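In this note's numbering, the protein residues as written are -16 to 274. For every residue, glycine included, the Cβ atom is placed at its ideal position computed from N, Cα and C. Note that the structure is predicted; figures quoted are calculated from it, not measured. Structure first, commentary second.
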Amino acid sequence: MKGIILAGGSGSRLYPITKGISKQLLPIYDKPMIYYPLSVLMLSKIREVLIISNPEYIDFYKKLLGDGSNLGMRFEYKTQEKPKGLADAFIVGEEFIEDDCVCLILGDNVFYGQGFVPKLLSASSLNEGAVIFGYFVPDPSEFGVVEFDESYNVISLEEKPKSPKSHYAVPGLYYYDNSVIQRAKKLKPSSRGEIEITDLNMEYLKDGELKIELLGRGFAWLDTGSYEGLANASNFVQTMQKRTGLFISCIEEIAYRNKWISKDQLVSLGNEFSKTEYGKYLLQIAEEVII
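Shown next as structure tokens:
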């Protein structure tokens, strides 16, 4: 399976912060925002990743992440000239995806919670169909909403409904089989002029090939689309790291624990940031016995 991080958009809800920089490059406490969705793909054991962003920002991502070889991965980059909808990622990334299944994650999504990795590994093992996630929210009318029965079979999907049929929002994390490319190409633009991810998921639902995984109590899906949300996400990461002594979404640590890089490579990466707590943490991890 391959992965795509969609890091486009204007970030206008965060102006003037994002007036001259991509939102997904903003810091969430001690890391660029894009580290958080990247870590989800890595925890899914996905090593080949495509980053899609605006033409004016793509070089910033290349400078930040490189070709991925320092993490035992491979990164590619594509531009999206203008917003055409989330499902457009599969058309832009067609050559990258080739004959593989693919996971799409939005570049501003932050996830944290125990038991997440087994759900990711289960979803990333699919060969047919699609897997989406459901997360309980008090005001579902602001999100894409999923309705399901007692056996967790998806019944309906709605985008920002005025009268939601459930309190479960669909976060920006999706796993698809290879048919997603052709399905995306057949979608008609919505009233916004974009091809919608909800319409894509509806195609899988019509064919009985859409499954859902719920992210339950004790799990956090953090909103970073507002000033308050951005600050809250940073405070959350800071608090959890200080309390536990473990870093959230540390991509170098994940690469090491996945055995994609050696101890010597981890030490080298730690030395690169040796004046920071982040670098000291990497060096600390390198001294532990890997489990």
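Go to residue i, then tell me how far its alpha helix (DSSP H) extends in each direction, as first and last residue.
i      : result
R240   : I234 to R240
G253   : K246 to E255
G(-14) : First-last for G(-14): K(-15) to L(-11), but that is the beta strand (DSSP E), not the alpha helix (DSSP H).
E77    : E77 to I80
T227   : Y210 to T227
Y18    : Y18 to L26
Does chain E have any CB closer than 9 Å to the CB of residue i?
i    : result
S217 : In the structure shown, chain E does not exist; there is a single protein chain.
If the criterion is Cβ atoms closer than 9 Å, does the pair residue i and residue j meet it?
i    : j    : result
Y42  : T259 : Checking the sequence shown, residue 42 turns out to be Asp, not Tyr. Not in contact: D42 and T259 (Cβ atoms no closer than 9 Å).
I180 : V93  : no
L103 : L26  : yes
L80  : K6   : Residue 80 is actually Ile in this sequence, not Leu. Not in contact: I80 and K6 (Cβ atoms no closer than 9 Å).
L156 : V23  : yes
K28  : S107 : yes
For the putative contact between residue i and residue j, defined by C-beta atoms under 8 Å, what is the C-beta separation to the nearest angstrom?
i    : j    : result
V120 : E141 : So it is not a contact: roughly 14 Å between Cβ atoms.
E271 : E192 : That pair is no contact at about 42 Å.
S124 : P154 : Actually they are not in contact, since the Cβ atoms of S124 and P154 sit about 16 Å apart, beyond 8 Å.
P172 : I164 : Actually they do not touch by this definition, with Cβ atoms about 17 Å apart.
S232 : Y19  : 5 Å
G3   : D91  : That pair is no contact at about 17 Å.
E280 : L249 : The first residue shown for the chain is -16 and the last is 274, placing residue 280 beyond what the model contains.
L198 : F219 : Incorrect: roughly 15 Å between the Cβ atoms, too far for contact.
Where do the ends of the beta strand (DSSP E) carrying residue i lie?
i    : result
E142 : V137 to E142
S36  : E31 to S36
K263 : Not the beta strand (DSSP E): K263 falls in the alpha helix (DSSP H), residues E260 to A269.
F58  : R57 to T62
Y276 : Because the chain spans -16 through 274 in this model, residue 276 falls outside it and cannot be assessed.
| field | Cβ contact check for the segment 163 to 172 and the segment 96 to 104: 3 or more pairs under 8 Å | value | no
Does the segment 26 to 34 come close enough to the segment 70 to 90 that 3 or more CB-CB pairs lie under 8 Å?
yes
The segment -16 to -8 touching the segment 66 to 77, judged by at least three CB pairs closer than 8 Å: yes
Open item on the list: I'd like to know if the segment 50 to 67 and the segment 105 to 118 are in contact, where contact means that at least 3 CB-CB pairs between them fall below 8 Å.
Closed with: Two segments are said to touch when three or more pairs of C-beta atoms, one from each, lie closer than 8 Å; by this definition the segment 50 to 67 does not touch the segment 105 to 118.
**Prompt:** Should the segment 233 to 250 be regarded as contacting the segment 59 to 66, the criterion being three or more beta carbon pairs within less than 8 Å?
**Reply:** no
Ordered list of alpha helix (DSSP H) runs contained in the segment 111 to 184, each at least 4 residues: 163 to 169
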